[in-house]
Structures are given as C-alpha cells and as structure tokens.
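Everything on this sheet refers to the single structure shown next.
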Amino acid sequence: MISAPLHLAGERLALDPAGALFWPARQMLVLSDLHLEKGSHFAARGQLVPPYDTRETLARLAALLRRYGPSQLVFLGDSFHDAAGAARLHATDRATLLHLLSGRQVSWVLGNHDPVAPEALPGESVEELSLGPLLFRHEGQPGARPGEVSGHFHPRAAMPTRCGPVERACFLADGQRLLMPAFGAYTGGLSITAPPVAALFPRGGRAFLLGRERLFSFAVGPMKHLAARSRAEAGSGAAP
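The numbering of the sequence shown is numbering that gives the first Met the number 0, which starts it at 0 and goes up by one.
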C-alpha cells in the first residue's frame, strides 16, 4: 500500500488507499462513515441483504491497525448505521471490535445516523474534536476555519482514462479542508459535483481516488456555479 502525503493547516498527513487518514505526529488513525450494522438495520425492515457488512468492515479496520499501529483512533460519525446499531452487534463482532479498540485512545464523533454514544463501547463521544490546528467533525461547514476534516457525504469522483471514466470513492482536499470517503463495506456515494459537496469546495481542489494499492489524484476545477445552486436550494427550503 502506498499512501499519499497531504499538508493541511501546517500538519503532514497520509491518505491511505483503504480510505483512512493517518496523522503521524499524533499516531492517530481517522476513519469516517463505517455504518456498522447497516445490514441488520435493513433486515429488521424486511430488506434482506448479506449480513456480513460489519465483519468485513472490521477486517479492513484490523488491517489498517496492523499497518499503522496507532495509539489514537477517531471515528468521524455514522460509525453505526443507527442509534441502536452497537446493541445489535453479534457477540463475535463485538469481541473483535473491543479487541481492536483495546489500549487505544478512542473518540467517537457523533453523526446524523448515530447521534448518541455507542452502547457499551470504550472511548469518548463528542460533537466535534479540535486537536492542534485540525478540527474533526462529521459534516463539513461552508466557511469553516482552515484545518477542517469531515465525512458524511461519501464522496465519489470519476477520473478520465484512455478507456473511459473510472469512478471510485475518494478523498477531496483544497488546502483548507479535507473530505473523507466512507469506510464501511455497505456504503454508497455522492458525486463531488453534487451541490452539497461543491458548497464546501467552490474553488475546486484535488480528488484522490481509492485504488487497490495506491491513490490516483487529479485536479478538480472551480465549482462555484454548483455551490451557488446549493445555497439557493437551502434558501428555498429544498431538501438536500
């Protein structure tokens, strides 16, 4: 795996192809939107899907912990697909998660899917987390101070190639903020050209598409017209 370097608010960070952020100076690993127990959430509503999302996501998390050996873990919200998700963990998955969290400082940033602290799991639960020059929150805010790291939108981008466009989940950065991809196994995505994302990056930036062993980056042009559309929709009360 080859990570991509990123400088944000004077800090040197590493973007991992698995969709995680590593902050070497703090030995901190950051992940967003795991949506654990999404499968069981849908199953309870009669929508049967393979019930392996939590196990697969935890296996990917375990691989990252072996790679970086972080002392701190930050989950940027929507760690569980709903407020009762932690209570539905299978005993085996709960034991695995507890093992992965053991001995580490853990921060659960609350999201819109999981607005309460996860049941019976270690760590602190916060609305947002400010560490040095960086601010970690679930949903990015237009006009936020430099150094914001957020998730929520599950960004995806299409990169042109000789064989046609290739679309993948991605990071999106502009030197002021970083938008994280969703880490969960059962997560969809929103195009970076969608107005809610464009509102955060009106001047464009750089997308980092997730690959199997590396990231593929390309410049993203200004999206001011899409950002203006997002503001107009918000002013009219249109649903996002």
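All C-beta atoms, glycine included, are put in the ideal place defined by N, C-alpha and C.
Exercise. Would DSSP call Ser2 helix, strand or coil?
Worked result: Coil.
For this session: Tell me whether the beta-carbon of Ile1 lies closer than 8 Å to the beta-carbon of Arg213.
Result: Taking 8 Å as the Cβ cut-off, Ile1 and Arg213 qualify as a contacting pair.
Exercise. According to DSSP, is Arg161 helix, strand or coil?
Worked result: Residue state, collapsed to three classes: coil.
Exercise. What's the gap between the Cα of Ser235 and the Cα of Pro195?
Worked result: In this prediction, Ser235 has a pLDDT of 45, which is less than 50 and means its spatial position is unreliable; what the coordinates show is noted afterwards. Between the alpha carbons of Ser235 and Pro195 lies a distance of about 14 Å.
Problem set entry | Own chain residues within Cβ distance below 8 Å of Arg66, not counting five before or after | If we look at Arg66 and ignore the five residues flanking it on each side, its Cβ neighbours are Met0 and Asp15.
Exercise. Going by the beta-carbon positions, is the gap between Asp173 and Arg155 smaller than 8 Å?
Worked result: Cβ atoms of Asp173 and Arg155: not closer than 8 Å.
For this session: Can you grab the Cα-Cα spacing for the pair Gly315 / Val73, in whole Å?
Result: Outside the shown range of the chain, which is 0 to 239, sits residue 315, and nothing can be said about it.
Problem set entry | Those residues which DSSP pairs with Met27 across a bridge | In the DSSP assignment, Met27 forms a beta bridge with Trp22 and Gln71.
Exercise. If you follow the beta strand (DSSP E) that Val125 is part of, which residue opens it and which one closes it?
Worked result: Note, Val125: beta strand (DSSP E), Glu123 to Val125.
For this session: Measure the alpha-carbon distance for Glu10 versus Pro221 and round it to whole angstroms.
Result: Their backbone Cα atoms lie some 25 Å apart in a straight line.
Problem set entry | Three or more C-beta pairs below 8 Å linking the region 84-104 and the region 124-138 | Contact annotation: the region 84-104 does not touch the region 124-138, with fewer than three C-beta pairs closer than 8 Å.
Problem set entry | Alpha-carbon to alpha-carbon, Ser70 and Gln256 | The chain is shown only over 0 to 239; residue 256 falls outside these bounds and no answer can be derived.
Problem set entry | Bridge partners - Ser190, DSSP secondary structure assignment | Ser190 is bridged to Arg155.
Problem set entry | Opposing strand residues paired with Leu178 [DSSP bridges] | Answer is Ser149 and Leu171, bridged to Leu178.
Exercise. Under the three-state reduction of DSSP, which class applies to Phe215: helix, strand or coil?
Worked result: Reduced to three states, the DSSP call for Phe215 is strand.
Exercise. Shortest alpha-carbon distance to Arg144 belongs to which of Arg176, Glu118 and Phe152?
Worked result: The candidate whose alpha carbon is nearest that of Arg144 is Arg176.
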